[in-house]
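S.K.: Below is a structure I'd like to ask you about.
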Amino acid sequence: MGDRPDDVAKSDAPRGRARGGIAPTGKGARSFVETGLPVLAIGVVVLLLPLFLPTFVSSLVTKMMIFALFGMSLNLIWGYTGIPSFGHAAFFGLGGYGAGVLVLRVDITNFWLGLLFALLLTAAVAAILGFPAFRVFGVGASDNPIYFLLTTIAFGELLARAAIALRPITGGSTGLAGIPHPDLGFGITVTAGRYYYLVFVIFVVCLFIIYRIVNSHYGYALRGIHDNERRMQALGYNTWLYKYTSWIIAAVFGGVAGVMFAYFGGIMVPNNLSMITSDIAFLVVILGSTTTFFGPIVGSVAFVGVEYLASLYLPERWPLILGSLFVVTIMFIPQGLGVMILKLWRRLLYGAA
Amino acid sequence: MALLEVRNLSVHFGGLAAVHDLSFVIEQGERLAIIGPNGAGKTTTFNLLTGQLKPSSGEVVFKGEQITHASVFARTHLGMARSFQITSLFPHQTVYVNALIGLQGTQRSRYRMFRPLFKDKALEMAAQELLESTELWDLRGEIASSLAYGQQRKLEMALSLASKPDLLLLDEPSCGLTTTESADITARIAALGSMITVLMIAHDMDLVFGVAERVILMHYGEIAAEGTCDEIRSNQMVRDIYMGSRKTLGHAR
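Line order of the protein sequences matches chains A and B. Per our numbering, residue 1 is the first one in the first sequence, and the count goes up by one each step. Per our numbering, residue 354 is the first one in the second sequence, and the count goes up by one each step.
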């Protein structure tokens, strides 16, 4: 009569690891000292930084914030819904190109209009690409997403090719150069020095929105899909709709990062749509950890820092350094820097845990 | 009107008829068990009823509604719920979050994007009630994967009951449990009340005869015998196919 499954204790793998850092009470509530204080402190330091430090530092921090948002938008689908995408730059690039094209080709210089247009564009493209994407990414595909990864690579390369081909609009392979300083309307033009603050404000707003989303009813449904999609369906969730909408939301935030990047460098090139840029998001998330909310911020700080050092000392060897960074992260800190920092911080607060 | 009506249901995997021309009816409040040897098509039948598999032919009617091709979640909203043979929880979440996710699956709030999950008082009350009724409330802070196996099975039951189903499909609820735990589960299923109709797959005869009013024996994807517990117990064919008799033992020797 033995119909006993071999995997009676199937779910023995990660003991005591709460995705998203849930406190041991089972509730999400954490003390002010544990989260509020460091968030405030870091916020104030970042806000005041340009007053004390040279411009190149604030330019680095700007880049950190842009890539942090880029990474967090990927982490929304990867860390929460369990959909790792290798083509997230498609949306980053679309955002940047969208804003750039509007300024340079249509002559609409208002920053907010450009941002809005870019976001609508990324949302629309994500909505279209979502249909084939989630045919490939079936129920419970987080366990084996390889075909989905290949598909998303194709999305990025496709858009990069399109950007090269549509020379009159996108500037072809030389890219879209000469994007001016953002014009905020009311006669306010943001100069290079002040752009830092614009990025800071947008970054904080996006951070807040993403935080609310991942801790909402909807956000916990996403985590549930990551853990066990079949069960979610049996519980009454239309999991396809969740995957599809979270994909679009992630694309939109990726687009915001792209818009900020376009104004930051003043140029968008086809590579900003392809694998090379997707790698940045991927690395930022891996470095930072997929299991903590703030992980990608840490990942981005580390990534931009290493990139800067490399550009100073070994500019020729950047691809090699990028590759080693990947390997070293996966071998030595597979959980990511975010988890490491969280553990250290909790040990500091509560003593040895 | 019958709660669930299965008419001539078949599914083929290539040339193999995993379930062939299956027809049966469950009345409101009934306790029906499906038994049968390995590979008889019991779990396949479950997957057809809950929508994980689509049938090659035949139809499933639930509460008078044609649901043969309805999605898994649509059936849950109609009042169907299932448990899984292999424990199927949210392993990285706490017991409490498991309950919250389980409960909001059939509520409108599940799409709320800006309301924190932990500020929903009604949902928290429901979660407490659900966990207290399954004696898991004290373990609410534990990560689901760190629970002992018997407790995981309890949580599995709790999740299956979370959507307040009219028809509960239990796939080997006592699978892998100790005798005591199994007796506990049996008592729980028996105590569910007549509002919940139960269809279960079981190998544990104590569970079957302790809970079920009617038993279906499946063999090679078809119904081989159907009847009350007593009828099934005394049915010669059931003995031959399933329970083993002196005769088959004799042959073996």
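Glycine residues also receive a C-beta, built at the ideal position from the N, C-alpha and C atoms. All values derive from a computational prediction rather than experimental measurement.
#1: With burial defined as no fewer than 16 other Cβ atoms inside 10 Å of the residue's Cβ, what is the status of B/Leu369: buried or exposed?
#2: Run through chain A and tell me which residues come within less than 7 Å of B/Thr403, C-beta to C-beta.
#3: Rounded to whole angstroms, what's the CA-CA distance from A/Ile213 to B/Gln481? Just pull it up for me.
#4: If you follow the alpha helix (DSSP H) that B/Gly432 is in, where does it begin and where does it stop?
#5: Can you find a heavy atom of the ligand NAD that lies under 7 Å from the Cβ of B/Met354?
#6: Who pairs with B/Val551 in a beta bridge, going by DSSP?
#7: Verify the CB distance criterion: does A/Ala250 have a CB-CB separation below 8 Å to chain B?
#8: Beta carbon of B/Arg360, beta carbon of B/Thr403: below 8 Å?
#9: What number of angstroms, rounded off, separates the C-alpha of A/Asp12 from the C-alpha of A/Ala162?
#10: What are the residues that DSSP puts in a beta bridge with A/Ile77?
#11: So which residues of chain B does A/Asp279 contact, with C-beta pairs closer than 7 Å?
#12: Does the pairing of the region 87-96 of chain A with the region 50-64 of chain A give three or more beta-carbon distances under 8 Å?
#13: From this set, B/Asp583, B/Gln589 and B/Glu579, which residue's C-alpha is nearest B/Ile388's C-alpha?
#14: Would you identify the three-state DSSP class for A/Pro14, choosing helix, strand or coil?
#15: Roughly how many angstroms separate the alpha carbons of A/Trp318 and A/Met331, rounded to a whole number?
#16: Comparing the C-beta of A/Leu227 with each C-beta of chain B, is any distance below 8 Å?
#17: Identify whether A/Gly82 lies in helix, strand or coil by the three-state DSSP scheme.
#18: Suppose you measure from the CA of B/His604 to the CA of B/Arg541; what does that come to, to the nearest Å?
#19: Applying a beta-carbon distance threshold of less than 9 Å, which residues of chain A neighbour B/Phe366?
#20: At what residues does the alpha helix (DSSP H) containing B/Thr581 begin and finish?
#21: I believe A/Leu176 touches A/Gly93 by the beta-carbon criterion, under 8 Å. Please report the beta-carbon distance rounded to the nearest angstrom.
#22: I'd like the list of long-range same chain contacts for A/Gly26, defined as Cβ closer than 6 Å, with 5 residues on each side in sequence excluded.
#23: Going along the chain, which unbroken runs of the beta strand (DSSP E) with 3 or more residues stay wholly within the region 359-427 of chain B?
#24: With DSSP as the reference, label B/Ile439 as helix, strand or coil.
#25: Looking at the unbroken alpha helix (DSSP H) that takes in A/Val106, where does it start and where does it end?
#26: Over what stretch of residues does the beta strand (DSSP E) that includes A/Arg317 continue unbroken?
#27: If you drop the 5 nearest sequence neighbours on each side, which residues of the same chain put their C-beta closer than 8 Å to that of A/Thr290?
#28: Give me the Cβ distance between A/Ala141 and A/Phe148, rounded to the nearest whole Å; I'm assuming they're in contact under 8 Å.
#29: For A/Leu198, name the three-state secondary structure that DSSP assigns.
#30: Where does B/Asp524 land, buried or exposed, given buried means 16+ other C-beta within 10 angstroms?
#31: Kindly indicate which three-state DSSP category A/Ala234 falls into: helix, strand or coil?
#32: Kindly list the residues whose CB is nearer than 6 Å to the CB of B/Ile538, restricted to its own chain and excluding five residues on each side of it in sequence; keep chain order.
#33: Which residues mark the beginning and the end of the alpha helix (DSSP H) in which B/Leu492 is found?
#34: Look at the Cβ atom of A/Met260, then the Cβ atom of A/Gly156, and state whether they are nearer than 8 Å.
#35: Quick one: list the residues of chain A neighbouring B/Leu512, beta-carbon separation under 8 Å, in chain order.
#36: For the alpha helix (DSSP H) containing B/His572, name the first residue and the last one.
M.R.: According to the structure data:
#1: Residue numbering aside, residue 369 of chain B sits at position 16 when the second sequence is read from its first letter. Exposed is the call here.
#2: For the purposes of this step, residue 403 of chain B is identified with residue 50 of the second sequence, where counting begins at 1. Ala234, listed in chain order.
#3: For the purposes of this step, residue 213 of chain A is identified with residue 213 of the first sequence, where counting begins at 1. For the purposes of this step, residue 481 of chain B is identified with residue 128 of the second sequence, where counting begins at 1. Note on geometry: alpha-carbon atoms of A/Ile213 and B/Gln481 lie some 24 Å from one another.
#4: To locate residue 432 of chain B, count along the second sequence from 1; it is residue 79. For B/Gly432, there is no enclosing alpha helix (DSSP H), as DSSP marks it with neither H nor E.
#5: Only the bare structure without any ligand can be found here, which leaves the ligand NAD out of the picture.
#6: Counted from its first residue, the second sequence places residue 551 of chain B at position 198. In DSSP, B/Val551 forms a bridge with B/Arg384 and B/Leu521.
#7: Residue numbering aside, residue 250 of chain A sits at position 250 when the first sequence is read from its first letter. No, A/Ala250 does not count as interfacial toward chain B.
#8: Within the second sequence, numbered from 1, the residue matching residue 360 of chain B stands at position 7. Within the second sequence, numbered from 1, the residue matching residue 403 of chain B stands at position 50. Against a cut-off of 8 Å, the Cβ pair of B/Thr403 and B/Arg360 comes out as no contact.
#9: Locating residue 12 of chain A in the first sequence gives position 12, where the first residue counts as 1. Locating residue 162 of chain A in the first sequence gives position 162, where the first residue counts as 1. For A/Asp12, the pLDDT reaches just 32, beneath the cut-off of 50, and the residue's location in the model is therefore unreliable, although a value from the coordinates is still provided. Distance between the alpha carbons of A/Asp12 and A/Ala162 is about 47 Å.
#10: Here residue 77 of chain A corresponds to residue number 77 of the first sequence, with the count starting at 1. Under DSSP, no beta-bridge partner is assigned to A/Ile77.
#11: Locating residue 279 of chain A in the first sequence gives position 279, where the first residue counts as 1. Simply none; closest approach about 27 Å.
#12: Taking a cut-off of 8 Å for Cβ pairs, the region 87-96 of chain A and the region 50-64 of chain A do not touch, as fewer than three such pairs fall below it.
#13: Locating residue 388 of chain B in the second sequence gives position 35, where the first residue counts as 1. For B/Ile388, the nearest C-alpha among the options comes from B/Glu579.
#14: In the first sequence, residue 14 of chain A corresponds to position 14, counting from 1. Caution is warranted here: a pLDDT of 35 is assigned to A/Pro14, below 50, making its placement in the model unreliable, and the coordinate value is therefore given only provisionally. In the three-state reduction of the DSSP assignment, A/Pro14 falls in the coil class.
#15: As a working mapping, residue 318 of chain A is identified with position 318 in the first sequence. As a working mapping, residue 331 of chain A is identified with position 331 in the first sequence. If I take the Cα positions, the gap works out to 20 Å.
#16: Within the first sequence, numbered from 1, the residue matching residue 227 of chain A stands at position 227. A small correction: the amino acid at residue 227 of chain A is Asp; Leu does not occupy that position in the sequence shown. At least one chain B Cβ lies under 8 Å of A/Asp227.
#17: The count along the first sequence starts at 1 and reaches residue 82 of chain A at position 82. Residue state, collapsed to three classes: coil.
#18: The residue given as residue 604 of chain B occupies position 251 in the second sequence. The residue given as residue 541 of chain B occupies position 188 in the second sequence. Note that B/His604 scores a pLDDT of 45, beneath 50, so its modelled location is shaky; the value from the coordinates is reported in the next line. Taking the straight line joining both Cα atoms gives about 40 Å.
#19: Taking the second sequence and counting its residues from 1, the one referred to as residue 366 of chain B is at position 13. Ordered by position in chain A, no residue passes the 9 Å Cβ test against B/Phe366, which lies about 18 Å from the chain.
#20: Start at 1 with the first residue of the second sequence, and residue 581 of chain B comes out as number 228. Here B/Thr581 belongs to no alpha helix (DSSP H); instead the beta strand (DSSP E) covers Glu575 to Thr581.
#21: Your numbering for residue 176 of chain A matches position 176 in the first sequence. Your numbering for residue 93 of chain A matches position 93 in the first sequence. 10 Å between Cβ atoms; not a contact.
#22: Position 26 of the first sequence, counted from the start, is the residue given in the question as residue 26 of chain A. Confidence at A/Gly26 is low in this model, with a pLDDT of 45, below 50, so its placement is unreliable and no value can be given for it.
#23: Counting only runs of at least 3 residues, the region 359-427 of chain B fully encloses the following beta strand (DSSP E) elements, listed from N- to C-terminal order: 369-379, 384-388 and 410-415.
#24: Within the second sequence, the letter at position 86 stands for residue 439 of chain B. In the structure shown, the three-state DSSP call for B/Ile439 is coil.
#25: Position 106 of the first sequence, counting from 1, holds the residue named residue 106 of chain A. Note, A/Val106: premise wrong, no alpha helix (DSSP H); not H, not E.
#26: Mapped onto the first sequence, residue 317 of chain A falls at position 317. Annotation: A/Arg317 is outside any beta strand (DSSP E) and is labelled neither H nor E by DSSP.
#27: Mapped onto the first sequence, residue 290 of chain A falls at position 290. Around A/Thr290: Asn75, Trp78, Gly79 and Gly336.
#28: To locate residue 141 of chain A, count along the first sequence from 1; it is residue 141. To locate residue 148 of chain A, count along the first sequence from 1; it is residue 148. Cβ-Cβ separation between A/Ala141 and A/Phe148: approximately 6 Å, consistent with a contact (criterion under 8 Å).
#29: Start at 1 with the first residue of the first sequence, and residue 198 of chain A comes out as number 198. In this structure, A/Leu198 counts as helix in the three-state DSSP scheme.
#30: Numbered from its first residue, the second sequence carries residue 524 of chain B at position 171. That one is buried.
#31: Indexing the first sequence from 1 puts residue 234 of chain A at position 234. DSSP places A/Ala234 within a helical segment (H, G or I) once states are collapsed to three.
#32: Sequence index remark: in the second sequence, residue 538 of chain B carries index 185 (1-based). Correct list, in chain order: Pro526 and Ser527.
#33: Numbered from its first residue, the second sequence carries residue 492 of chain B at position 139. That residue, B/Leu492, is in no alpha helix (DSSP H); it is neither H nor E in DSSP.
#34: Reading the first sequence from its first residue, position 260 is the one you call residue 260 of chain A. Reading the first sequence from its first residue, position 156 is the one you call residue 156 of chain A. No, these two residues do not count as a Cβ contact at 8 Å.
#35: Position 159 of the second sequence, counted from the start, is the residue given in the question as residue 512 of chain B. Correct list: Arg231 and Leu235.
#36: In the second sequence, the residue the question calls residue 572 of chain B occupies position 219. That residue, B/His572, is in no alpha helix (DSSP H); its beta strand (DSSP E) goes Arg567 to His572.
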